[in-house]
Amino acid sequence: MSLPIFAELFLQLMVGNVDQIMLSGYSSDSVAAIGNANTVINLVIVILTMASSGGMIALTHYIGANDTKKMKDAVIWTFVLSGAFGLVFTVISVSAATPLLYALNAPEEIIGQASGYITVVGAGLIIQAAQLAGTAVLRSFSRLKEILIIAVVMNLTNILGNWLLINGIWIFPEYGILGAAISTDVSKLIGLLITLAVMIKRVPVKVRFSDIKALDAATFKDIVKIALPTGGETASYNLSQIVVLSFINIFGTAVINTKVYCSMLANVAYLYSLAIAQSTQINIGYLVGAGEYSTVSSRVAKTTAVCIGVSVAVTAILWLSSDYVLGFLTSDVEVLELAKSILLIEIALEIGRSVNIVMTRCLATVGDINFPVTVTVIMEWAVEAGIGYLLGVKLGYGLKGIWIAMAADEILRGIFFALRFARKKWMHRTPERAFPKRDSAAKEIEEVFVHPRKLLSALALAIRF
């Protein structure tokens, strides 16, 4: 399952990164502008993804339990919750783009371009919210090839739109960074239309208007219990990233561009970890719903080992070949030298991040949400933001100091989560349906000792015998 998810995630990642890559040949200010703009946009997208992921986790439980009524409710509520978040963030992005950038300490020369990009892409967030909800539903039913095809179409649309609109090809005007924003919105709209068509054709659960009238509030609560804590944790993480970017913006355009390029390469490094973690999360959701509880721990342990191996290997390769890889994007010697140092630190960072990616998703799926949320919020603000400011700004280590703090945050959280999973405290928080199915005799024995009347009846039968 992880391979088509990896390909789909890679293509989704490219929708944002293609804008940066294609604008790198347009102007260096545009790269810095889109780097700041995407920090804001990515925060919103991650929150929307978490809202839809709550629906996906609940939906996999219901699929495992073969509960058709709750499946329909979960599909509807996933779209409702994602749509509500999408509408709110559309309004915020369109109305507050410039103040957000000033809060980031973005350089004055890029404010205009970055603000325009956030406004245009933000206007399409409601569309993206619906598309992410549809993707979550398709992923729950393992329609992974279809998701991959949708991602391919979206990427090709985005690349074509960028080519036509950034530089003004053929009859199209030269829009620059706004052309990349328009192209992104169009690609998301096409992706949504195809996603809805695939859902109608391929998803076995057919939702009708009568199902909307009979919606169960309990299903909504199940989704919210997962979506809000995980969404809050992810929002906190990305807010800390925004604060960290405000530190980096102090160091000037060259350092900002280095951060943008290194983040792009880091995304590639942990992408397969994210894919295999998602495939494991889907399978664990099925196991939880079906009550097959005993195989969860071994599956999580194997996934974690694979994630660490792949992420570290890819990061090491990128570090060794950074001059060649980044040479396609920039010829700035300062950027190339700094990027090499950052990618060396990134190798250590990816060890912790691999553990975190797997553990947070799997703990959420088995119902232990509060612990990873609490640890993440404390560590990212105390270590990533706090120590990052100390090392990078106060002590003068710059981007290297900030990246060291980021690595320390990921590694420490990874240790906490690994210990949590190893001690199996999460088992006590797993819903009743997650425990292994017991045979009828064991169930009857348990009922006898729980219910006094049944206990008395059993004693009477024993005396008669």
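Going by numbering that gives the first Met the number 0, the residue at position 409 of the sequence shown is 408; the numbering climbs one at a time, nothing skipped. Virtual Cβ for every residue (Gly too), placed ideally from N, Cα, C. Nothing here was measured: the structure is a model prediction, and the numbers come from that model.
- Distance check between Tyr-116 and each of Phe-415, Ser-29, Gly-231 and Ala-129 places Ser-29 closest, using alpha-carbon atoms only.
- Using a Cβ distance threshold of 8 Å, Phe-84 and Ala-50 count as a contacting pair.
- Nearest to Val-242 by C-alpha distance, out of Asn-104, Tyr-396, Ile-414 and Trp-76, is Asn-104.
- Contact between Met-198 and Leu-137 is confirmed by a C-beta separation of about 6 Å, below the 8 Å threshold.
- The Cβ atoms of Ala-179 and Ile-158 lie no closer than 8 Å to each other.
- Residues Lys-187 of the same chain have their beta carbon placed closer than 6 Å to that of Gln-127, with the five preceding and five following residues left out of the count.
- By the neighbour-count definition (other C-beta atoms within 10 Å, threshold 16), Thr-375 is a buried residue.
- Ranking Ser-239, Val-332 and Val-151 by CA distance to the CA of Asn-41 puts Ser-239 first.
- By the C-beta density criterion, Pro-203 is exposed, having fewer than 16 other C-beta atoms within 10 angstroms.
- Between the region 334-353 and the region 204-216 there are fewer than three inter-stretch CB-CB distances shorter than 8 Å, so the stretches are not counted as touching.
- For the pair Gln-277 and Thr-364, the CB atoms are not nearer than the 8 Å cut-off.
- For the region 22-79, the full-length alpha helix (DSSP H) segments reaching 4 residues or more read 27-64 along the chain.
- For Ala-102, the enclosing alpha helix (DSSP H) has its first and last residue at 96-102.
- Non-local C-beta neighbours of Leu-270 in its own chain, meaning closer than 7 Å and more than five positions away in sequence, comprise Phe-5, Leu-8, Phe-9 and Leu-12, ordered along the chain.
- A straight-line Cα-Cα distance of about 15 Å links Ala-384 and Ile-249.
- For the pair Ala-96 and Thr-118, the CB atoms are nearer than the 8 Å cut-off.
- A distance below 8 Å between beta-carbons, with the five flanking residues on each side excluded, links Ser-141 to the following residues of its chain, in chain order: Met-0 and Ile-281.
- In this structure, Ser-310 keeps its C-beta atom at 8 Å or more from the C-beta atom of Ser-340.
- Shown here for Met-378: same chain residues with a beta carbon closer than 7 Å to its own, the five before and five after excluded, namely Asp-408, Leu-411 and Arg-412 in chain order.
- When rounded, the separation of the alpha-carbon atoms in Leu-99 and Asn-37 is 12 Å.
- For Val-295, the closest C-alpha among the options Ala-289, Ile-283, Ala-234 and Val-267 is that of Ile-283.
- For Ser-330, the secondary structure class from DSSP, reduced to helix, strand or coil, is coil.
- For Asn-166, there is no enclosing alpha helix (DSSP H), as DSSP marks it with neither H nor E.
- Taking Thr-303 as reference, the option from Met-153, Met-358 and Val-332 with the minimal CA-CA separation is Met-358.
- Counting the other CB atoms within 10 Å of its CB gives Tyr-101 a total below 16, which places it among the exposed residues.
- Around the C-beta of Asn-65, fewer than 16 other C-beta atoms lie within 10 Å, and the residue is accordingly described as exposed.
- For Ile-148, the three-state secondary structure derived from DSSP is helix.
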